[in-house]
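A.B. asks:
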Amino acid sequence: MNRDRATSDYSGLALIGTAVTELVAPILIGVWADNRFGWAPWGLVIGTTIGFVGGIGHLLLIASRADKTNKTKSGESDGPSKPVS
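Here's what the structure looks like:
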């Protein structure tokens, strides 16, 4: 396996781990807060909302960056080029 391929595989795993952590950690914190402070079910509801919104927002950001990187590598542009005068 060449070095570039191995690096891209590990970066993909890192992105998956980050996404899962961003989605799950707020839920777990919300459950902990429910048990600790007796807020049930509001800690879970708030944790789920924060995890979902933050996780999906970050996934959209990652997808946008990947799309820009792929366009740059393939030589595509975001719009029509201006004529050279």
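Residue numbers (full-length UniProt numbering): 1 to 85. C-beta: ideal position from N, C-alpha, C; glycine also.
1) Might you give, ordered along the chain, the residues of its own chain that have their beta carbon closer than 8 Å to the beta carbon of T72, omitting 5 neighbours on each side?
2) What residue range is occupied by the uninterrupted alpha helix (DSSP H) comprising G42?
3) Tell me the rounded alpha-carbon separation between D9 and I16.
4) Could you tell me whether the Cβ atoms of L59 and A25 are closer together than 8 Å?
5) Report yes if the C-beta distance between T48 and I27 is below 8 Å; otherwise report no.
6) Is it buried or exposed, G75, if we count other Cβ atoms within 10 angstroms and call 16 or more buried?
7) Would L23 and G57 be called neighbours here (beta carbons separated by less than 8 Å)?
8) Return helix, strand or coil for G12, following the three-state DSSP convention.
C.D. replies: According to the structure shown:
1) Reading the sequence shown from its first residue, position 72 is the one you call residue 72. Taken in chain order, the list of residues that qualify is empty.
2) Locating residue 42 in the sequence shown gives position 42, counting from the first residue. Inspection of the sequence shows that residue 42 is occupied by Trp rather than by Gly. First-last of the alpha helix (DSSP H) with W42: W42 to S74.
3) Within the sequence shown, the letter at position 9 stands for residue 9. Within the sequence shown, the letter at position 16 stands for residue 16. Approximately 11 Å between the Cα atoms of the pair.
4) If you number the sequence shown from 1, residue 59 lands on position 59. If you number the sequence shown from 1, residue 25 lands on position 25. Annotated as distal: L59 and A25, with beta-carbon spacing of 8 Å or more.
5) If you number the sequence shown from 1, residue 48 lands on position 48. If you number the sequence shown from 1, residue 27 lands on position 27. Result yes, Cβ atoms of T48 and I27 sit closer than 8 Å.
6) What you label residue 75 is simply residue 75 of the sequence shown in a count that begins at 1. Around the beta carbon of G75, fewer than 16 other beta carbons lie within 10 angstroms, which makes this residue exposed.
7) Counting from 1 along the sequence shown, the entry for residue 23 is found at position 23. Counting from 1 along the sequence shown, the entry for residue 57 is found at position 57. Taking 8 Å as the cut-off, the Cβ atoms of L23 and G57 do not count as close.
8) Here residue 12 corresponds to residue number 12 of the sequence shown, with the count starting at 1. Here G12 carries a helix assignment [DSSP, helix/strand/coil].
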